[in-house]
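See structure below.
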């Protein structure tokens, strides 16, 4: 059994939950997200002959009022940043989240997902911004929870990056 | 010449280890020097030393070495470079030093000690994590056992004090010397470990798990992560300490126990009420896993392949389950208890029946005694080991001891005391009279109502005796009635007697032998006596025939007396000759003293000269 802990981070209502609903094995209802602040799902990705189980910690979104619980980030091997293509502010949130995570855990493999790409007319994130990010070596992808476009690829990309990177720091002397 | 020869040789022959010394220049310098040295041998040595050509020679010969030396010095002087060099050599140097002897260890010991101290002081948790697998089981066990004794005792005591089962278990506890709490536990606990998860604390990833055969559950990977998330949630929400962790969760019948280790936690999902000792089992398993796989746990990155065998250890925990009280043990109990109860009942019934039986026998016996004429029961009752009896007993009455033997009771357990008295019951009076009167076989005594009636026939003598005795009987005694008794004499016996007594045998004057005319009489008498004897024998009486000889009054009395005796004797002999038993007849002479008549004529005198017979019937 090969496993990695993955966190799904993003602003409030960027579509994280809908994103994963179709693609993951779920055991817990969405109410966990609002009560405990996290919902655990599993995504199995085939790597060669073996299967990598991505244990997805779908962490409740961040907004002005509440910040994400950083204790949930402990031990994460990588993360998925989700932003809403129709709301540029969510991209800012995603960037700040990334900074926070890097500050806490160091450089970790991640993938930035620009969601709701099916809403072409409402797309607000300028292409230059995306280009800038890509230049900064950010793995950026677009996806749509509604159509399912780009989701599988995003997970696979993250899985590849995970296996390439070092294993997550385990059992540090001071727990974060 | 040796050294210089070698140098010359080296000069002349190029070799592989040539380090680029300018040979030509060196050769020229050498040759010059040699020429000069011979010429200026006497010159001061200092001048020779200061000769720049020597310097040049030195440089040429030793340039390579000088360069090496300066490089080495540079390296030594620069601490960074030196450290780098030493660090490369240090591990193998230490290894070799330790292999060689103990000195390195001894030398390092104080340094290491102070280093450890300062490390611990800086971060004590390191030390805690190190000794955790070793020290925790001991502490937990002792604490658990103490708490066991106290809390459980209290809890269970309160819960079970007043129930019937509780009382029964209290009895069992007292009897077996086991604490009451343990007894209750033994009887009430039913639990089952359904799942065991080994969860990596840092990431929340599942390392290994074991599930009971028929237990349902969600995906264990998701469950274990969620558990960790909940723990974080609680910690964050309620501001508990960083090192605090979930201990146990209860949800209805389900109980979640979390044992925390430094790198991994063990979560057990239990259904029912487990004993506190299960904590110890889970803890020991966790400690063992840490002890065996500490490093692997620390390095865990999500690949659970190295932990395949840990599942077996977890499976051990899952197999734990308490025997249901409704299982074997309960089933055996009523069986055994029933048997025991039956046995006790049997014994009790038996004893009771025995007692009742004996009581029945006793009352029967006493009733029997009371009904017996001549026995008066004054008191009859039960003593501690048997019975007692006291009363009056007529010696002629039935023997109480004999009756006791027949009653079926154990004679040894009956204490009886009898006082003698004379009962006036007719039956006993009868017995008494029978003993007293000794009636002849021809007569009998019987009870008729409240009188004793004699019947049959008896001799007059007996009748007289009976009458006399009858009169002496005390007042209140049943009367003796003799009216029905016929005198023996009235019967055949009497007739025979009268016949014999009627006979007379006459004699002539002065004669002692009777005349032939009386042969027939004598025959008749003999026959009569024989019949009499026969009949008497049958009747049980003894006849006695007295032959009395008589004479008339003529002559002297003495002569008459002897004649009369002789006459009687002769008749006797004649009778005996005729078959009469000699003991039946006796002889007497009466002389002239018992005449039949007044002798006023010869005829009367001849009648007086006779033998008479008298028959007496004796008993």
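Chains as they are written, first to last, in this note's numbering: chain A, 78 to 253; chain B, 9 to 627. Where is the CB? At the ideal position from N, CA and C, for every residue including glycine.
When you measure from the CB of residue i to every non-hydrogen atom of the ligand NAD, does any distance come out below 6 Å?
| i | result |
| --- | --- |
| residue 476 of chain B | The ligand NAD is absent from the structure shown, which contains no ligands of any kind. |
Put residue i into one of helix, strand or coil per three-state DSSP.
| i | result |
| --- | --- |
| residue 209 of chain A | helix |
| residue 283 of chain B | coil |
| residue 208 of chain B | strand |
| residue 135 of chain A | strand |
| residue 69 of chain B | helix |
| residue 483 of chain B | coil |
| residue 594 of chain B | strand |
| residue 163 of chain B | helix |
| residue 199 of chain A | helix |
| residue 325 of chain B | helix |
| residue 470 of chain B | helix |
| residue 101 of chain B | helix |
| residue 223 of chain A | coil |
| residue 157 of chain A | strand |
| residue 201 of chain B | strand |
| residue 217 of chain B | strand |
| residue 346 of chain B | helix |
| residue 116 of chain B | helix |
| residue 602 of chain B | coil |
| residue 622 of chain B | strand |
| residue 476 of chain B | helix |
| residue 296 of chain B | helix |
| residue 320 of chain B | helix |
Let's see if you can read the secondary structure: which residues bound the beta strand (DSSP E) around residue i?
| i | result |
| --- | --- |
| residue 460 of chain B | 459-466 |
| residue 165 of chain A | That residue, residue 165 of chain A, is in no beta strand (DSSP E); its alpha helix (DSSP H) goes 165-182. |
| residue 398 of chain B | 395-401 |
| residue 81 of chain A | 79-87 |
| residue 97 of chain A | Taken as a continuous stretch (DSSP letters only), residue 97 of chain A belongs to no beta strand (DSSP E), being part of the alpha helix (DSSP H) at 93-98. |
| residue 452 of chain B | 451-456 |
| residue 258 of chain B | 256-259 |
| residue 265 of chain B | 262-268 |
| residue 439 of chain B | Segment 434-445 is the alpha helix (DSSP H) holding residue 439 of chain B; no beta strand (DSSP E) there. |
| residue 86 of chain B | Careful: residue 86 of chain B lies outside any beta strand (DSSP E) and carries neither H nor E. |
| residue 118 of chain A | 115-124 |
Please classify residue i: is it buried, with 16 or more other beta-carbons within 10 angstroms of its beta-carbon, or exposed?
| i | result |
| --- | --- |
| residue 312 of chain B | buried |
| residue 177 of chain B | buried |
| residue 39 of chain B | exposed |
| residue 352 of chain B | exposed |
| residue 172 of chain B | exposed |
| residue 126 of chain A | exposed |
| residue 265 of chain B | buried |
| residue 434 of chain B | buried |
| residue 127 of chain B | exposed |
| residue 558 of chain B | buried |
| residue 187 of chain A | buried |
| residue 440 of chain B | buried |
| residue 232 of chain B | buried |
Locate the alpha helix (DSSP H) running through residue i, then write down its first and last residues.
| i | result |
| --- | --- |
| residue 389 of chain B | From DSSP, residue 389 of chain B is part of no alpha helix (DSSP H) but of the beta strand (DSSP E) over 383-390. |
| residue 140 of chain B | 132-155 |
| residue 234 of chain B | 228-245 |
| residue 412 of chain B | 408-415 |
| residue 495 of chain B | Not the alpha helix (DSSP H): residue 495 of chain B falls in the beta strand (DSSP E), residues 493-495. |
| residue 233 of chain A | 228-241 |
| residue 616 of chain B | 610-616 |
| residue 187 of chain A | Unbroken run through residue 187 of chain A is the beta strand (DSSP E), 187-192; no alpha helix (DSSP H). |
| residue 422 of chain B | Per DSSP, residue 422 of chain B belongs to no alpha helix (DSSP H); it is in the beta strand (DSSP E), 422-428. |
| residue 174 of chain B | 172-184 |
Do we get a CB-CB distance below 7 Å when we pair residue i with the residues of chain E?
| i | result |
| --- | --- |
| residue 211 of chain B | No chain E is part of this structure, whose protein chains are labelled A and B. |
Within its chain, find whatever has a CB closer than 7 Å to the CB of residue i; leave out the 5 residues flanking it on each side and keep chain order.
| i | result |
| --- | --- |
| residue 30 of chain B | 68 |
| residue 202 of chain A | 162, 165, 168 and 191 |
| residue 80 of chain A | 130 and 132 |
| residue 481 of chain B | 488 |
What residues in its chain sit with their C-beta under 8 Å from that of residue i, if we drop five residues either side in the sequence?
| i | result |
| --- | --- |
| residue 490 of chain B | 462, 471, 474, 475 and 478 |
| residue 136 of chain A | 84, 85, 86, 114, 115, 145, 146, 149 and 150 |
| residue 366 of chain B | 417 |
Tell me which residues share the same chain as residue i and place their Cβ nearer than 6 Å to its Cβ, disregarding the 5 neighbours each side in the sequence.
| i | result |
| --- | --- |
| residue 282 of chain B | 199 |
| residue 340 of chain B | Because the pLDDT at residue 340 of chain B is just 49, under 50, the model does not fix this residue reliably, and the point stays unresolved. |
| residue 220 of chain B | 202 and 326 |
Only counting runs of 4 or more residues, tell me where the alpha helix (DSSP H) segments fall wholly within the region 504-586 of chain B, in order along the chain.
-> 527-547 and 565-585
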